[in-house]
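In order, the protein sequence lines correspond to chains F and U. Heads up, the first sequence is in my numbering, so the first residue is 1 and it goes up one at a time. Heads up, the second sequence is in my numbering, so the first residue is 1 and it goes up one at a time. Glycine included, every Cβ here is placed at the ideal spot set by N, Cα and C. Keep in mind it's a predicted model, so treat the numbers as computed, not measured.
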Amino acid sequence: MTELSPARHGRRPETVAAPSRLRLADLAGKIRGDHLIYVASILGMIVLWHVIATTFFKPQFFPGPLLVLATGQEMVASGELFEHVSISLQRILAGFLIGSAIAAPAGLVMGSVRIVRAIFDPYAQFFRFVPSLAWLTPVVLWFGIGEISKVLIIIYTTMFIVLINTMVGVAHIAPNKLRAAACLGATPVKSFVHVTLPATLPFILTGMRLAMGNSFATVVAAEMIAADSGLGYLIFNSRLWMATDKIFIGIVCLGTLGLITDRFFRYLVVRFAHQYGPIE
Amino acid sequence: MEFLVARDVSYQYPARRGADLPSVLSHFSLDLVEGEFFCLLGPSGCGKTTVLNLMAGFLAPTTGTITLAGRPIEGPGVDRTVVFQGDDALFNWLRTIDNVAFGLRMRGVAEARRHEIAREYLHLVNLDGQDDKYPAELSGGMKQRVQIARVLATEPKILLMDEPFGALDAQTRSRLQDELVEIWRKTSKTIVFITHDIAEAVLLADRIGVMTKGPGSRLGAIIPVDLPRPRRRGSPGFGDMWEHINTLIESEEAGAS
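The following block contains the structure:
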């Protein structure tokens, strides 16, 4: 649960007494130090990968980084890799954004209005234990093999994580905040807009970050079973040809894309929502 | 003219698993005088906060009535605003100025105007120049000042304060006590101030209402404090008053148990 619960109070350091310019300089130094360690860590891992792969294994069994890089260059040159990456990313983003757009308001209302929660909570609790892939065949039957099915599957995956997190967020609002708003003249609707929504935002954003990871996992599985493009398809199809190097390309791409989207998401949160006290 | 009046108020939390819970209050009665500084004093757990929640309209009395200027209290209202003990009542995503302007925003006052008003109240609570800070960037004493400015900005008839300085260090508390008396003098609001600290009550109040021990507590003695202001803990009469109230509470506790 700790992972789902953002800090109740803002993250910004106490700047009451400390001169802020000095703090910023400290921070910049710290970031640079961290970045160096990042890069060193990644380079070290690649070297280790190279040594292990070339010393102990055949390339078909465990391709080294140089082979993967060479194959990757070919695939980039032919445009194949870009196609797979872009189609997977489109499916993830569409499903992720639509799913969040449905689940966040739904979670806010379910968290705030007892009757609505009583009506929908059993369904939320039931379906969140049914993995999206269990739905793959019915969804393909009903909506065809096209993009709609894959996006629907990702919407489904995203929805429950964001929904549950949002409801937890609403439950965590300090009662004094709502009471303060009420005696300052906020009607229930205004209190919802001006207190419940902003107070829950960190939880919604955390839910979205978690859901992003699940969207990646789900798109790959969906593409393995019902697609002729995307990184999941690339990985699964390469299996037939024992093209282990291409599978590794797929793996590296997924990890990199996930890392980049998460960083980008965090950047947006810090840039535009820092005052809501999101976890970083 | 009558101001805030509580008559024979009792409050009982809703039964849990069929079992009735004991009444927090029974036969609680109180007449407030407009413009007075009233301290409600009592041991923790005696139902002081319940009284405040009833006055604020967060709870409704099980029996009895509470009226303000003859009209029964039905739910929270801008004429009775609350300063809470903890800092979790501040809106941590809003800057100081917007926290103070929140009530005005709810009333539909335009941004420039409400910031102007909010700045006046921030000045009143000695928080000039802190407009753009978020609550997390303020010290405990500053946060309570923001809360006080925030409730004053809506121009309530009564300020309900629930041990607002309870979590502060002694020095900050003492400063805020002085400042609160000064604010009270300038704004001539009625203040209901809850505390379990006898010295704090003697320092601040026109009248001190001592609550009896719970459950089923009510207002016991009401003690007028006619010491001249500004008061100091070392002022003549302060110690006697403290002793008098302390004896009262001790005999009450001994009698009840």
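Among the residues of chain U, none has a CB under 9 Å from the CB of Gln125(F); the nearest is roughly 24 Å distant.
Tyr156(F) and Ser132(F) have their C-alpha atoms spaced approximately 6 Å apart. In this structure Asn53(U) is buried. Its beta-carbon is surrounded by 16 or more other beta-carbon atoms within 10 angstroms. If you compare the alpha carbons of Leu124(U), Leu41(U) and Pro22(U) with that of Glu200(U), the shortest gap goes to Leu41(U). When rounded, the separation of the alpha-carbon atoms in Gly207(F) and Pro188(F) is 25 Å. Think of a sphere of 8 Å around the beta carbon of Tyr13(U): no beta carbon from chain F falls inside it, the nearest being about 15 Å out. Following the DSSP letters along the chain, one finds Cys39(U) inside the beta strand (DSSP E) bounded by residues Phe37 to Leu41.
Put simply, of Ala15(U), Tyr13(U) and Arg145(U) the residue whose alpha carbon is nearest the alpha carbon of His123(U) is Arg145(U). Along the segment 208 to 239 of chain F, there is no position whose C-beta sits under 8 Å from a C-beta of chain U. Ile235(F) and Val109(F) have their C-alpha atoms some 40 Å from each other.
Here the segment 46 to 65 of chain U makes no contact with the segment 138 to 147 of chain F; the two share fewer than three CB pairs at distances below 8 Å.
Distance from the CA atom of Ala134(F) to the CA atom of Ile153(F), rounded to whole angstroms, is 10 Å.
By the rule that beta-carbons nearer than 8 Å mark a contact, Gln60(F) does not touch chain U.
Counting along the chain, Asp262(F) sits inside the alpha helix (DSSP H) bounded by residues Thr244 to Ala273.
Residues of chain U with a Cβ closer than 8 Å to the Cβ of Val195(F) are, in chain order, Phe91.
Contact of Arg263(F) with chain U by beta-carbon distance below 9 Å is absent, the smallest such distance being about 23 Å.
Look at Pro72(U) here: in three-state DSSP terms it is strand. For Pro76(U), the neighbours in chain F by C-beta distance under 8 Å run, in chain order, Arg179, Ala182 and Cys183.
Judged by DSSP secondary structure, Val130(F) falls outside any alpha helix (DSSP H); it is assigned neither H nor E. With distances taken between CA atoms, Arg209(F) lies nearest to Arg266(F) out of Arg266(F), Ile119(F), Leu48(F) and Gly44(F). A distance below 8 Å between beta-carbons, with the five flanking residues on each side excluded, links Gly57(U) to the following residues of its chain, in chain order: Ile73, Glu74, Gly75, Pro76, Gly77 and Arg80. His244(U) is classed as exposed because its beta carbon has fewer than 16 other beta carbons within 10 Å across all chains shown.
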